[in-house]
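Q:
Number of protein chains: 2
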Amino acid sequence: MTARNDHTQCPMESILGQIMGPWTPYILWLLDNEKTLRFGEIAARIPGISAKVLTDRLRKLEASNLIHRDYRPTVPPTVSYSLTARGAELHSVLQGLNEVAIRWDEEDRETQGAPDTETIAAG
Amino acid sequence: MTARNDHTQCPMESILGQIMGPWTPYILWLLDNEKTLRFGEIAARIPGISAKVLTDRLRKLEASNLIHRDYRPTVPPTVSYSLTARGAELHSVLQGLNEVAIRWDEEDRETQGAPDTETIAAG
DNA sequence: GCAAGTAGTTACCTAAAGGTAAGTATTGAG
DNA sequence: CTCAATACTTACCTTTAGGTAACTACTTGC
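Here the protein sequences line up with chains X and C, keeping their order.
Residue numbering for the first sequence follows the numbering used here, beginning at 24 and increasing consecutively.
Residue numbering for the second sequence follows the numbering used here, beginning at 24 and increasing consecutively.
(1) Using a Cβ-Cβ cut-off of less than 8 angstroms, give me the residues of the region 49-67 of chain X that come near chain C, in sequence order.
(2) Classify ASP93 of chain X as buried or exposed, calling it buried when 16 or more other Cβ atoms lie within 10 Å of its own Cβ.
(3) Starting from VAL116 of chain C, trace the alpha helix (DSSP H) both ways and give me its first and last residue.
(4) Considering only their Cβ atoms, is the gap separating PRO34 of chain C from ASP79 of chain X smaller than 7 angstroms?
(5) Rounded to a whole number of angstroms, what is the C-alpha to C-alpha distance between SER87 of chain X and THR97 of chain C?
(6) For THR47 of chain X, name the three-state secondary structure that DSSP assigns.
(7) Taking the alpha-carbon of GLY40 of chain C as reference, which of X:GLU36, X:ALA124 and X:GLU57 has the nearest alpha-carbon?
(8) Once DSSP output is grouped into helix, strand and coil, what is the label at SER103 of chain C?
(9) In chain C, which residues lie less than 9 angstroms from GLY110 of chain X when you measure between Cβ atoms?
(10) Once the 5 residues before and after THR107 of chain X are set aside, which same chain residues still bring their CB inside 7 angstroms of it?
(11) Any Cβ of chain C within less than 7 angstroms of the Cβ of ASP128 of chain X?
(12) Distance, Cα to Cα, ARG68 of chain X vs TYR104 of chain C?
(13) With 9 angstroms as the C-beta to C-beta threshold (strictly closer), list the residues of the region 77-104 of chain C near chain X in chain order.
(14) Under the rule that 16 or more other beta-carbon atoms within 10 Å means buried, what is THR101 of chain X, buried or exposed?
(15) Quick check on DSSP: helix, strand or coil for THR59 of chain C?
(16) Does the beta carbon of SER73 of chain C sit closer than 7 angstroms to a beta carbon anywhere in chain X?
(17) Could you name the residues of the same chain whose beta carbon sits closer than 8 angstroms to that of LEU60 of chain C, not counting the 5 residues immediately before and after it, in chain order?
(18) I'd like to check one pair, SER115 of chain X with GLY110 of chain C: are the Cβ atoms closer than 7 angstroms?
(19) Note down the Cα distance separating ILE72 of chain X from MET43 of chain X, rounded to an integer number of angstroms.
(20) Quick check: what's the CA-CA separation for LEU113 of chain X versus PRO99 of chain C?
(21) Between which two residues does the alpha helix (DSSP H) harbouring ILE69 of chain C extend?
(22) Classify GLU36 of chain C: buried if its beta carbon has 16 or more other beta carbons within 10 angstroms, exposed otherwise.
(23) Can you check DSSP and say which residues form a bridge with ARG95 of chain C?
(24) When the Cα atoms are used, what is the spatial distance from ARG126 of chain C to ALA74 of chain C?
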């Protein structure tokens, strides 16, 4: 209210706008785990994504200075992606989120269905 | 392929599907900070959101067992929201993300503009 | 001259998400 | 009888996002 507008006073909204989106945190997590991945390798690790959307996400992450794009003009061309120093700062958040995800996944497996039979996919 | 489908083998995608979305992590972070908030209070803290979208986010978070809905049939009715035990498990992730957000915000302020004058809100 | 291979880009179309506004329930005040 | 208040819900419409498929560039191999 006093110096900045009310919707930018909170840095959370800014970072959310950068890393949110259907596949964005997942891409960051992949790069955090595997250090360097080529375009096709990322696409292979995300079954449902299209080249158009993946390109879009990559461009936006690059524009936010979270990933680095390494283009090698070979034939055919090779493009590798990796986290920047800023992108690497998300490491603990990404890994923390993954730990919670794994925990919940185990809990839901105990509660909702037997580990050896598939009942959730029946409906 | 053997027991689970290939897109659910990674718990990250599951948790992302639950907490992702335009305002979802922000709502969780508000409730993590303020413990209990009424519908109108959440709406007031998120300037750009509409009642329809806020209701949708709240319902989905409730369905994921991340928030608790407390309906008091007073006149007019009072509805309060708070994190469930599971939702509270996101505390460190949410706060860690906020710390990174604040750090980046300060860094960007040093790089892109002077700290004492407002140049970003001029346009 | 055509296919293959990588990493895209572009055009076109459809599906989903979100905005706006009005309606719902309840009861006390006027 | 109507207004006001809270927390929605629903209908309708627009905007946006995403899917699909074709095209680009360049060189090797046939």
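In this text, a Cβ means the ideal position worked out from N, Cα and C, and glycines have one as well.
Predicted, not measured: the structure shown is a model, and the values here were computed from it.
A: Reading from the atomic positions:
(1) From the region 49-67 of chain X, only TYR49 and TRP52 have a Cβ closer than 8 angstroms to chain C.
(2) The Cβ neighbour count for ASP93 of chain X, taken over all protein chains shown within 10 Å, is under 16; the residue is labelled exposed.
(3) Its alpha helix (DSSP H) spans residues 114-135.
(4) No, the pair does not count as a contact, with Cβ atoms beyond the cut-off.
(5) Cα to Cα, SER87 of chain X sits roughly 47 angstroms from THR97 of chain C.
(6) Here THR47 of chain X sits in helix by DSSP.
(7) Of the listed residues, the one whose Cα sits closest to GLY40 of chain C is X:ALA124.
(8) Of the three classes helix, strand and coil, the one that applies to SER103 of chain C here is strand, per DSSP.
(9) Using a Cβ-Cβ cut-off of 9 angstroms, GLY110 of chain X is close to nothing in chain C; its nearest Cβ partner there is about 11 angstroms away.
(10) Excluding residues within five positions, the ones whose Cβ falls inside 7 angstroms are ASN88, LEU89, ILE90 and HIS91.
(11) So yes, ASP128 of chain X belongs to the interface.
(12) The straight-line gap from Cα to Cα measures roughly 37 angstroms.
(13) Those residues of the region 77-104 of chain C that come within reach of chain X (Cβ to Cβ, closer than 9 angstroms) do not exist; the list is empty.
(14) THR101 of chain X should be labelled exposed.
(15) Note: THR59 of chain C maps to strand in three-state DSSP.
(16) No, SER73 of chain C does not count as interfacial toward chain X.
(17) Cβ neighbours of LEU60 of chain C beyond the five flanking positions: LEU53, LEU54, ARG68, SER103, TYR104 and SER105.
(18) Contact flag unset, no.
(19) Each residue's alpha carbon lies about 16 angstroms from the other.
(20) Taking the straight line joining both Cα atoms gives about 44 angstroms.
(21) Annotation for ILE69 of chain C: no alpha helix (DSSP H) segment contains it, and DSSP assigns it neither H nor E.
(22) Per the 10 Å Cβ criterion, buried.
(23) Bridge partners of ARG95 of chain C: C:THR101.
(24) Cα-Cα distance, rounded: 32 angstroms.
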